[in-house]
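Residue numbers (full-length UniProt numbering), protein chains in the order written: chain G, 1 to 372; chain D, 1 to 617. Beta carbons: idealized from backbone N, C-alpha and C, even for Gly. Before any comments, here is the structure.
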Amino acid sequence: MESVNAKYVSQKISKTRWRPVSHSSLQQPDIFATGSWDNEDNKISFWSIGNHGSSGMDEGFEGDPQLLCEHKHDGDVLDLQFLDQDRIVTTSSTGAVTIFRHHQNSQTISVSQRWPRVHRYPCDNAPCTGVVCSSPEIVTVGEDGKIIVFRADQEGVIRVIENADSSTIHAVTYLRTTEILTVNSIGQLKLWDLRQQSNSPSQILSLSGDRLPLHCVDRHPNQQHIVATGGQDGMLCVWDVRQGSTPFSLMEAHSAEMWEVHFHPTNPDHLFTCSEDGSLLHWETSTHSDMPSFLQGGRNNSMISRSAMAPAGGNQSLISTWLSGDSSKGRLETTHMLPSQTLSVNSLDVLGQCLVCGTDGEAIFVNRQVPV
Amino acid sequence: MEELDVEPAITNIPAASDGKHLGFAWGPGDILAYETLYMAPGMCRHQHKPLSMFSHSCAKGSGCSFIHEVRKDEDIYSPILRKLFNESHHIFVGLQTIREDLPSKNKKTQFVSISKNYRSVIRACMEELQQVAASVLVLQVSILLAIELIWNLCEVLFIDAAPAGPLLLHLLDWVRLHKGDVDEKAREVLQSESPAEHHDYWDVVVSYVLQGRFEEARQMLVKQATLQPAARNMYKLMDTLLSKMPFYNPGGTQTLTEFDVKWRHWHEEVDRCLQDNSFASNQHLEIICKILVGDEDTLLEHKELLSTWYHFLVTRLLFCHPTVKPTELHYYAQSCMTMFLDLRSVPEPLDSILLAAFEFDIHQVIKDCSIALNNWWFVAHLTDLLDHCKLLQSHNLHFGSNLREFLLLEYASGLFTHHSLWQLAVDYFDNCPEFGHVYLELQIERVPLDTERKALKVLRICEQRQMSEQVRSICKIMAMRALRNNRLGSALSWSIRAKDAAFATLISERFLQDYCARGTFSDLDLIDNLGPAMLLSDRLTFLVKYREFHKLYEENRFSEAAKLLLSLITAKIAPRSFWMTLLTDALPLLEQKEVSHSAHCALHCGFGHDLCFSKHT
Chain G
1 MESVNAKYVS
11 QKISKTRWRP
21 VSHSSLQQPD
31 IFATGSWDNE
41 DNKISFWSIG
51 NHGSSGMDEG
61 FEGDPQLLCE
71 HKHDGDVLDL
81 QFLDQDRIVT
91 TSSTGAVTIF
101 RHHQNSQTIS
111 VSQRWPRVHR
121 YPCDNAPCTG
131 VVCSSPEIVT
141 VGEDGKIIVF
151 RADQEGVIRV
161 IENADSSTIH
171 AVTYLRTTEI
181 LTVNSIGQLK
191 LWDLRQQSNS
201 PSQILSLSGD
211 RLPLHCVDRH
221 PNQQHIVATG
231 GQDGMLCVWD
241 VRQGSTPFSL
251 MEAHSAEMWE
261 VHFHPTNPDH
271 LFTCSEDGSL
281 LHWETSTHSD
291 MPSFLQGGRN
301 NSMISRSAMA
311 PAGGNQSLIS
321 TWLSGDSSKG
331 RLETTHMLPS
341 QTLSVNSLDV
351 LGQCLVCGTD
361 GEAIFVNRQV
371 PV
Chain D
1 MEELDVEPAI
11 TNIPAASDGK
21 HLGFAWGPGD
31 ILAYETLYMA
41 PGMCRHQHKP
51 LSMFSHSCAK
61 GSGCSFIHEV
71 RKDEDIYSPI
81 LRKLFNESHH
91 IFVGLQTIRE
101 DLPSKNKKTQ
111 FVSISKNYRS
121 VIRACMEELQ
131 QVAASVLVLQ
141 VSILLAIELI
151 WNLCEVLFID
161 AAPAGPLLLH
171 LLDWVRLHKG
181 DVDEKAREVL
191 QSESPAEHHD
201 YWDVVVSYVL
211 QGRFEEARQM
221 LVKQATLQPA
231 ARNMYKLMDT
241 LLSKMPFYNP
251 GGTQTLTEFD
261 VKWRHWHEEV
271 DRCLQDNSFA
281 SNQHLEIICK
291 ILVGDEDTLL
301 EHKELLSTWY
311 HFLVTRLLFC
321 HPTVKPTELH
331 YYAQSCMTMF
341 LDLRSVPEPL
351 DSILLAAFEF
361 DIHQVIKDCS
371 IALNNWWFVA
381 HLTDLLDHCK
391 LLQSHNLHFG
401 SNLREFLLLE
411 YASGLFTHHS
421 LWQLAVDYFD
431 NCPEFGHVYL
441 ELQIERVPLD
451 TERKALKVLR
461 ICEQRQMSEQ
471 VRSICKIMAM
481 RALRNNRLGS
491 ALSWSIRAKD
501 AAFATLISER
511 FLQDYCARGT
521 FSDLDLIDNL
531 GPAMLLSDRL
541 TFLVKYREFH
551 KLYEENRFSE
561 AAKLLLSLIT
571 AKIAPRSFWM
581 TLLTDALPLL
591 EQKEVSHSAH
601 CALHCGFGHD
611 LCFSKHT
């Protein structure tokens with residue numbers, strides 16, 4: 001935990017995301033964006049952790065994140081995604097969706113495109129709670145239960161699925177290039193096929209017990225049928241969307257709402273969750289497979305290989321360890337990554353060996369040596 | 001009412017017109033003021049205008065349309081000071097968890113390190129404010145400097161509670177930390193071409209001596225000595241005197257008495273040098289020698305270098321009474337202050353606070369700081385730390401709680417008025433055993449809930465503290481809002497969270513009304529997938545089962561449909577308005593052949609029973 005320090009930033013952080021690095025390079029990420037909430041003047045900001053030594057620090061010196069630039073944001077930043085290297089999409093509590101462009105040369109931010117009040121009730125604005133993008137397509141969801149599809153650089157909306165849900169949709173993610181997955185506040189996962197014109201989901205999955213709200217969802221990077229969700233009771237659920245309509249495994253994770261869940265994009269045996277109870281957990285499974293594949297590098301319970309670049313195919317085991325559903329057999333390790341007694345951790349993002357998270361205690365934590 | 005400690009400060013509202021009578025209303029952290037049309041009886045005559053003109057302008061309704069908000073505490077809105085509040089909150093929460101059963105020696109080291117943490121947070125804020133270098137912030141910087149000075153002294157005297165011997169060393173550190181300009185000047189002198197001839201050279205040497213930094217002083221003097229080979233012996237003598245001054249070593253084996261003896265011996269030696277006129281030919285060295293012997297007049301001649309009376313105090317103690325006991329401090333403090341300050345100048349608040357600290361009057365320190373500062377941050381945290389060190393006698397105030405709790409409550413209430421920092425205040429209320437819970441209950445309901453996410457966070461806070469009233473009321477607010485926007489699923493999820501059966505009934509009625517109006521169900525994804533939540537209210541159960549009946553009917557599973565309908569009728573959970581509908585639904589079933597004979601009869605009976613029933617109501 002030596003490389004984790006708090007940087008206090010005078011704003012409660014609602015979302016934080018790494019700027020994507022090109023797949024071919026071995027670079028660690030160096031820039032991340034944050035959005036604030038609950039301020040009279042909310043902001044989006046870009047920060048650098050100077051992995052390239054550009055801020056004149058000594059070699060290997062782990063300095064604080066430095067603020068590069070910031071821009072006013074109307075309303076709370078409820079979700080934030082990088083569209084490409086220079087642009088981010090944000091969704092606001094005023095129901096607006098905005099694309100900001102980060103000009104790297106002058107370190108300024110400008111509004112590139114804006115769709116005000118796309119999520120709304122008949123006589124009021126509705127907060128837009130989630131966004132996912134696959135350039136140039138952008139999909140947003142909101143408290144008004146609508147799913148809206150946009151294209152960057154095109155005015156107006158492409159498609160609106162009215163009344164997609166009678167309750168609030170909390171998060172959305174891509175399952176395949178034409179299918180999306182949403183979670184709502186009555187504990188349902190819904191699959192939508194965007195190729196079809198119908199306004200109803202192609203599949204609905206839900207928990208068998210209490211219908212507690214689900215807050216976050218993430219898909220396994222390599223195995224597209226595996227999805228993890230987290231909800232109000234802090235339980236981590238892993239689902240197989242091909243089979244059955246109930247989760248494959250349920251694990252007790254946190255003592256309060258889980259706000260975000262992320263598979264590591266290149267090492268999907270690692271999962272990260274953060275919660276209202278102020279903890280950030282790093283989940284690590286290890287396989288006990290008999291396959292002597294060189295890709296596994298001799299993985300077993302005691303030895304975890306730490307290759308910086310995992311092969312593109314990832315773990316080739318036929319049954320993903322996430323679906324084994326048994327955390328008591330010691331094949332699943334969980335580690336707390338933050339000092340205790342922080343306020344709610346609202347957001348996290350992990351890329352390569354770097355992890356960034358933001359809290360309600362107005363602090364950002366960056367860890368550059370995540371053991372993946 | 002008790003008498004006031006100080007005269008209340010007057011705040012001018014620049015935007016308000018002269019002479020107008022202001023009305024006001026108290027808010028949680030501020031006052032709203034507005035201009036009224038009220039004219040006190042003598043007012044018109046004081047206007048130097050003919051009466052007619054005045055009444056003319058009055059008739060035009062020249063009331064001002066502004067409301068002025070007067071805020072006492074601007075600090076919580078400063079972006080840099082916000083870091084102070086957040087970081088100190090973290091330290092505060094950590095402090096509360098220190099276990100009671102640790103031996104007191106371990107606890108003392110922990111408390112000292114927590115005190116140092118607080119101070120480093122203050123210093124970090126100060127440095128950041130200095131970097132911003134705006135003119136308005138100069139006042140804030142000086143306030144933070146003063147706060148850190150006071151806190152440091154309290155740490156030395158109260159928390160660390162050093163005995164005679166180490167006490168002086170800590171006080172020396174304290175003074176050195178807060179007089180940074182000596183190093184700056186020294187750097188300037190040393191970087192010049194010929195340091196020994198720099199006009200500030202002797203000032204630097206004397207400053208070092210006054211602060212007890214003899215190593216640095218000797219190094220500086222060497223430069224002068226090389227320039228004056230003729231006076232070599234004199235400089236050598238001074239160097240010897242400086243090197244031989246004994247400093248008490250707390251970790252060593254020497255007792256205080258032994259140290260005292262050694263020190264007196266050295267003191268006599270210096271005095272002899274003075275009497276022998278060894279330094280008579282060099283006025284600077286003579287001055288230094290007089291300082292070493294502790295001559296008050298010489299010390300007072302260097303008021304500019306000392307710059308504060310407490311520096312003068314520590315220097316005087318260093319050269320006259322290095323074995324000073326904590327209980328003797330206040331005699332020296334009082335006399336030094338009198339000697340140093342002009343008779344005409346009024347002691348500033350900082351001076352009286354420091355004096356109270358030297359007198360070990362903790363309550364006076366806290367009281368004076370509360371009056372002088374506009375924000376409760378400092379006194380709340382310091383008092384809490386001192387309370388943990390068991391240094392505050394339980395001093396019950398008129399309103400029942402003790403001093404620590406009172407200050408924490410005031411501070412946290414101030415935080416709650418802030419649109420963002422209210423979350424920190426919750427932890428402070430948690431640690432006020434008597435009134436914290438009540439305060440939290442009253443304040444938490446006033447947090448505006450713009451988004452569902454914020455409402456969820458507030459709810460979590462309430463649920464963790466078993467504030468069920470507040471949970472119910474918040475869920476009801478959110479559910480009503482959702483209902484108004486026709487988000488029936490959201491409304492239902494809020495009522496499930498609050499376990500509010502009455503509201504669930506209300507929502508179900510809405511659904512049923514919709515059905516009656518349009519003939520179809522809306523939000524099927526909700527009704528079909530409720531699971532065990534449907535048991536929350538009878539009406540809700542009815543709704544779900546009724547929909548199930550429709551589904552079974554559509555799938556041509558008539559016998560099951562009939563059974564279900566029968567159970568619905570007999571269970572009597574249907575609202576009265578729906579009975580006719582149910583009966584109408586039963587009709588086509590009676591015509592179905594698949595419906596079993598017994599079900600047939602039962603339906604007929606049920607039919608008849610209900611018809612009679614409905615006729616009589």
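Linking S473/D to H419/D through their CA atoms gives a straight-line distance of about 21 Å. The criterion of a C-beta distance shorter than 9 Å is not satisfied by A562/D and S537/D.
Using beta-carbon distances, S166/G counts as an interface residue toward chain D, with a partner under 9 Å. Note: D349/G is bridge-paired with V356/G in the DSSP secondary-structure output. Per DSSP, the beta-bridge partners of Y8/G are A363/G.
Contact annotation: in the region 372 to 398 of chain D, no residue has its CB less than 9 Å from a CB in chain G. Considering only beta carbons, the part of the region 515 to 530 of chain D lying closer than 8 Å to chain G consists of S522, D523, D525, L526, N529, L530, in chain order. Classified as buried, M467/D has 16 or more neighbouring CB atoms from the shown chains inside 10 Å of its CB. For L250/G, the secondary structure class from DSSP, reduced to helix, strand or coil, is strand. With respect to the 9 Å criterion, L540/D and I507/D are classified as neighbours on the basis of their beta carbons.
Contact between the region 5 to 18 of chain G and the region 429 to 440 of chain D is absent: fewer than 3 CB-CB pairs across the two stretches fall below 8 Å. A residue is called buried when at least 16 other Cβ atoms come within 10 angstroms of its Cβ; N346/G meets this threshold and is buried. With fewer than 16 other Cβ atoms from the protein chains shown falling within 10 Å of its own Cβ, H363/D counts as exposed. The Cβ neighbour count for M580/D, taken over all protein chains shown within 10 Å, is under 16; the residue is labelled exposed.
With respect to the C-alpha of L449/D, the residue from N374/D, E441/D, L459/D, L440/D having the closest C-alpha is L459/D. Here V132/G is buried. Its C-beta has 16 or more other C-beta atoms within 10 Å.
Look at the region 193 to 227 of chain G: the residues with a C-beta under 9 Å from a C-beta of chain D are S200, P201, I204, S206, L207, S208, G209, D210, R211, L212, P213, H215. One finds D210, R211 in chain G with Cβ atoms closer than 7 Å to the Cβ of A533/D, taken in chain order. Sequence-distant Cβ neighbours of W47/G in its own chain, meaning closer than 8 Å and more than five residues away, are I31, F32, A33, T34, P65, Q66, L67, L68, I364. In the same chain as Q592/D, and ignoring 5 residues on each side of it, the C-beta atoms closer than 7 Å to its own belong to F558, in chain order.
Interface with chain D (9 Å Cβ-Cβ cutoff): N184/G is included. A distance below 9 Å separates the beta carbons of I76/D and L421/D. For the 9 Å CB-CB criterion, L181/G and R159/G do not form a contact. In this structure, the alpha-carbon of L313/D lies about 28 Å from that of T253/D.
N233/D has its alpha-carbon roughly 41 Å from the corresponding atom of H330/D.
Residues of chain G with a Cβ closer than 8 Å to the Cβ of N117/D do not exist; the shortest Cβ-Cβ separation is about 13 Å. Within the model, the alpha-carbon separation for S286/G versus D269/G is close to 7 Å. Across the region 335 to 364 of chain G, CB contacts with chain D closer than 8 Å involve Q341, T342, L343, S344, D360, G361, E362, A363, in sequence order along the chain. Spatial neighbours of E137/G in its own chain (CB-CB distance under 7 Å, excluding positions within 5 residues in sequence) are listed in chain order as V149, R151. If you check the CB distance, H381/D and Y118/D come in under 9 Å. In this chain, the beta strand (DSSP E) harbouring H102/G covers 97 to 103. Of the candidates I99/G, P116/G, P122/G, L355/G, the residue whose Cα lies closest to the Cα of S110/G is I99/G. A distance below 6 Å between beta-carbons, with the five flanking residues on each side excluded, links T334/G to the following residues of its chain, in chain order: L281, W283. The DSSP-derived three-state label of F150/G is strand. Judged by beta-carbon spacing, Q341/G lies within the 9 Å limit of V93/D, meaning their Cβ atoms are closer than that value. DSSP links M467/D through a beta bridge to no other residue.
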